[in-house]
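In my numbering, the protein residues as written are 1312 to 1568.
The beta-carbon is built from N, C-alpha and C at its ideal position, and this holds for glycine as well.
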Amino acid sequence: MRDNRKFRRGLNELGIILTEGQFQQFEQYYDLLIEWNNVMNLTAITEYSEVITKHFLDSLSIVKLRDVSCETFKDFGQGSRLLDLGTGAGFPGIPIKIAFPKLNIVLLDSLNKRVNFLTEVIKQLSLEGISAIHGRAEEFGRKEEFREKYDYCVSRAVARLVSLSEYCLPFVKRGGYFISYKSGKVEEELVESGYAIGQLGAKYEGKISFLLPDSDMERSLLLIRKSRETPRKYPRAGGKPTSCPLIEKQNVSHEIK
1312 MRDNRKFRRG LNELGIILTE GQFQQFEQYY DLLIEWNNVM NLTAITEYSE
1362 VITKHFLDSL SIVKLRDVSC ETFKDFGQGS RLLDLGTGAG FPGIPIKIAF
1412 PKLNIVLLDS LNKRVNFLTE VIKQLSLEGI SAIHGRAEEF GRKEEFREKY
1462 DYCVSRAVAR LVSLSEYCLP FVKRGGYFIS YKSGKVEEEL VESGYAIGQL
1512 GAKYEGKISF LLPDSDMERS LLLIRKSRET PRKYPRAGGK PTSCPLIEKQ
1562 NVSHEIK
């Protein structure tokens, strides 16, 4: 096994305790990521130490939201349902699943070859209660078996919050949460997305900003709570959440906590 002292320090900072078996699963995941990355583009980050920080610890930093709302996360990992939208190479969903094996997780991605990789990871790591699905958010967000069925929808996708909100919130059940991973400053995106979040039946509840362990990389996690059902017309098809986002026409500012 590689020197994982950096990983252990980061986990300690996050308050996460892993068994040796779980550490081994992370090792297997890394090996599969590098092996498959040689034949397909999964990640530009391949050096072990950087994967630890920028993928594994970054994914697991979701637990920092306990500092915003302990009540929200008191049962996190105890059989709740989580959907990872635009999961790519499995971040943040697979690290979360390894650390919190009781969570039921769906990984959704629009590229089938990435789903094939994720399916192999799930098989090789002997993970249960997790599946990888090929599909687009605007299609699956309208299907009854997926719509408003999840306690959490998470995304590290590189897209503006106003668009991600329309893609993600239809999956979240009333009382559940959309959690967006963001880099650096987020105030402008929060203002821009205020109208959309309200239209989609949710409310911005808070954020936490921090540096990733052993780095100078800024990170923010945004917590958005679903308070009522999303209108049936959302998400819109044809890429409209990205090309024509829900932005209030009048220049009205929205309060940022």
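C-alpha distance - residue i paired with residue j, whole-angstrom precision
i	j	result
E1455	L1414	21 Å
V1417	G1399	13 Å
K1537	G1495	24 Å
Q1333	A1410	7 Å
M1351	K1493	25 Å
D1378	P1556	31 Å
S1442	N1427	11 Å
I1508	R1530	21 Å
V1374	S1491	13 Å
R1316	Y1359	12 Å
E1500	V1473	7 Å
Q1335	R1543	44 Å
H1366	Q1510	32 Å
Burial state of residue i (16 or more Cβ within 10 Å)
i	result
T1541	buried
Q1435	exposed
A1548	exposed
S1564	Low confidence applies here, because S1564 scores a pLDDT of 46, under 50, leaving its location unreliable; read the following figure in that light. So S1564 counts as exposed.
G1452	buried
K1514	exposed
N1562	Unreliable positioning characterises N1562 in this predicted model, as indicated by a pLDDT of 44, which lies under 50. The coordinate reading is nonetheless provided below. It counts as exposed.
D1369	buried
E1361	exposed
I1467	First, the amino acid is wrong: residue 1467 is Arg here, not Ile. Classification of R1467: buried, given that the 10 Å Cβ count is 16 or more.
D1342	exposed
L1422	exposed
D1527	exposed
D1395	buried
K1518	buried
I1328	exposed
E1331	exposed
Bounding residues of the alpha helix (DSSP H) (the contiguous stretch that carries residue i)
i	result
S1474	L1472 to C1479
R1320	R1316 to L1325
E1450	A1448 to F1451
A1355	Counting along the chain, A1355 falls outside any alpha helix (DSSP H), and DSSP gives it neither H nor E.
F1428	N1423 to Q1435
G1404	G1404 to A1410
K1514	No alpha helix (DSSP H) holds K1514; the beta strand (DSSP E) holding it covers A1513 to L1522.
S1466	Note, S1466: premise wrong, no alpha helix (DSSP H); beta strand (DSSP E) at Y1461 to S1466.
Nearest candidate by alpha-carbon position, reference residue i, set the options
i	options	result
I1444	L1429, I1558, F1402 and I1519	L1429
R1319	Q1339, L1353 and T1364	T1364
L1376	G1326, G1404 and K1408	G1326
A1470	H1366, I1328, I1490 and T1553	T1553
P1403	C1464, Y1488 and S1360	C1464
L1523	G1321, N1315 and R1313	G1321
R1392	E1324, G1401, L1533 and K1408	K1408
Neighbourhood of residue i by C-beta distance below 8 Å, restricted to the same chain and skipping five residues each side
i	result
E1559	G1505 and Y1506
P1546	A1448, E1449, G1452, R1453, E1477, Y1478, P1481 and P1552
Range covered by the beta strand (DSSP E) that runs through residue i
i	result
K1484	V1483 to S1494
G1505	No beta strand (DSSP E) contains G1505, which is instead part of the alpha helix (DSSP H) from E1498 to Q1510.
I1334	Reading off the sequence, residue 1334 comes out as Phe, not Ile. That residue, F1334, is in no beta strand (DSSP E); its alpha helix (DSSP H) goes E1331 to N1348.
S1531	E1529 to K1537
Cβ shell of residue i (< 7 Å), same chain only, five flanking positions each side left out
i	result
K1424	M1351
N1348	T1354 and T1357
V1483	E1459, Y1461, C1464, F1489 and K1537
I1433	I1441 and A1443
Neighbourhood of residue i by C-beta, 6 Å cutoff - its chain only, sequence neighbours within 5 removed
i	result
G1440	N1415
D1420	T1398 and V1426
R1485	K1537
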